[in-house]
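What follows is one structure encoded as structure tokens, with my remarks underneath.
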Amino acid sequence: MKKILVIEDEKPILTIITDILEAEDFVVIGAKNGRVGIEKAQQEVPDLILCDVMMPEVDGYGVLKSLRKNLATEAIPFIFLTAKSTKADLREGMELGADDYLTKPFTRNELMKAINTRLDKQRVIERKTQEQLDDLRSSITLSLPHELRTPLNGIIGYSQLIIEDFPDLEEDEIFTMLENINFSAHRLYRLIQNFLLYTDLELLSRDRDRLQLFKAGELSNPKSIIKEVALEKAKKFNRLKDLDVTSDNANLKISEPNFRKIIDELLDNAFKFSIPDTKVEVIGRLVNNIFAVDFIDRGTGMSINEISNVGAYKQFNRRIYEQQGSGLGLVIAKRMTELHNGKLIIESIPEEQTTVTIFIPTS
């Protein structure tokens, strides 16, 4: 049975609403004012909240502000009950995250329609969320073991060879094996760091204080950072001759480490998913107080469906291409850009060309 919290300081109204809802087989939790309502919402975590606007101690707006700051209550459907419904009142409530308004006096049918509409909408959201979680679990199950096992196998295999055959190995053979161990270790470290970073980025969106700290900082030299990261990445893939970089300069609302990470991940993808002797272009440009960076490669590309389903722990066409990587880099770049009030878009022609563009606000 669904639980509904009713926060109403007028006892007769609270009693009437309770009788109506109990007759419809809802479990009703009553609260005589906003302060009590906040406490009960956090204790009971109801499926929906009906809340009067004008109340002593804490009014309805104060209740909503408080509940939207709490992880356990931030997504609960919230309907205001009010004796006034001016445009200013409606706007204030909706800006705070209210789902609906009911103006007193209201009929039984109006009350039930508002409640059922919100509960139906919540069921749809929950179903879609569950589908996304199921897809995420499936992707993790398929992707993570493979991604961890590959570099670990390299580390274990080469180190075992050195241990078992050390007396018979030449110095240059040992050096080559140590290089491979070092490469595998760095790959494993990057993978683990990205998994941890992605998790932290998701948590950041729910923590206002940490999010503000994450978004703090400005950058005045994106041109030099783009060129520096691009050269490092091209050297790593032994593709300096394939790289083409041009960029404007601007003052950006993003810290240098965060901007550098976005550039690094998108360049890593551009080189990883294109073949040697094909161009990888990076173009930084200032457009109407927005700084855009294009990453263009002539690689495997992505279909429209793959672009629309960009998500964590996904790497498309693994069975076909068997490229190395968990697919997290693109998602991390997208999430970091969005957390800085920017945008990432992808345009791709499979087997021909892919362009990933980020848009970062200027300061």
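Just so you know, we're using the working numbering here: the sequence shown kicks off at 658 and counts up by one. In this text, a Cβ means the ideal position worked out from N, Cα and C, and glycines have one as well.
Just so you know, the alpha carbons of D756 and L909 end up roughly 35 Å apart.
Here DSSP, grouped into helix, strand and coil, assigns P879 to helix. By the C-beta density criterion, L835 is exposed, having fewer than 16 other C-beta atoms within 10 angstroms. The straight-line gap separating the alpha-carbon atoms of N926 and K778 is approximately 38 Å. Residue state for T807 is assigned as helix, using DSSP reduced to three classes. When C-alpha distances from F735 are compared across L759, R917 and V715, the shortest belongs to L759.
The C-beta distance from G941 to F948 rounds to 7 Å, short enough to fall under 8 Å. C-alpha of D866 to C-alpha of L707: approximately 28 Å in a straight line. L776 and L943 have their alpha carbons spaced roughly 45 Å apart.
With 16 or more other CB atoms across the displayed protein chains lying within 10 angstroms of its CB, H997 is buried. Annotation for S841: the continuous alpha helix (DSSP H) segment containing it runs E828 to L861. In this model, K660 and K761 are separated by some 22 Å (Cα to Cα). When only Cα atoms are considered, I664 and F763 end up about 16 Å apart. The shortest CA-to-CA distance from G691 to any of E922, D666 and K770 is the one to D666. Comparing alpha-carbon positions, the option among L805, R806, A729 and I831 lying closest to Q817 turns out to be I831. Per DSSP, reduced to three states, the secondary structure at A873 is coil, with no helix or strand assignment. Judged by DSSP secondary structure, L705 falls within the beta strand (DSSP E) whose first and last residues are L705 to D709.
Between I911 and L854, the C-beta spacing is not below 8 Å.
For V988, the uninterrupted alpha helix (DSSP H) segment begins and ends at L985 to L996. Under DSSP, T760 forms a beta bridge with T739. By the beta-carbon neighbour count (other beta carbons within 10 angstroms, threshold 16), V702 is exposed. The beta carbons of T1019 and I919 sit about 15 Å from each other, so the pair does not count as a contact at 8 Å. If you draw a 10 Å sphere on the C-beta of T856, you find fewer than 16 other C-beta atoms in it, and that means exposed. A residue is called buried once 16 or more other Cβ atoms fall within 10 Å of its Cβ, and K991 is buried on that count.
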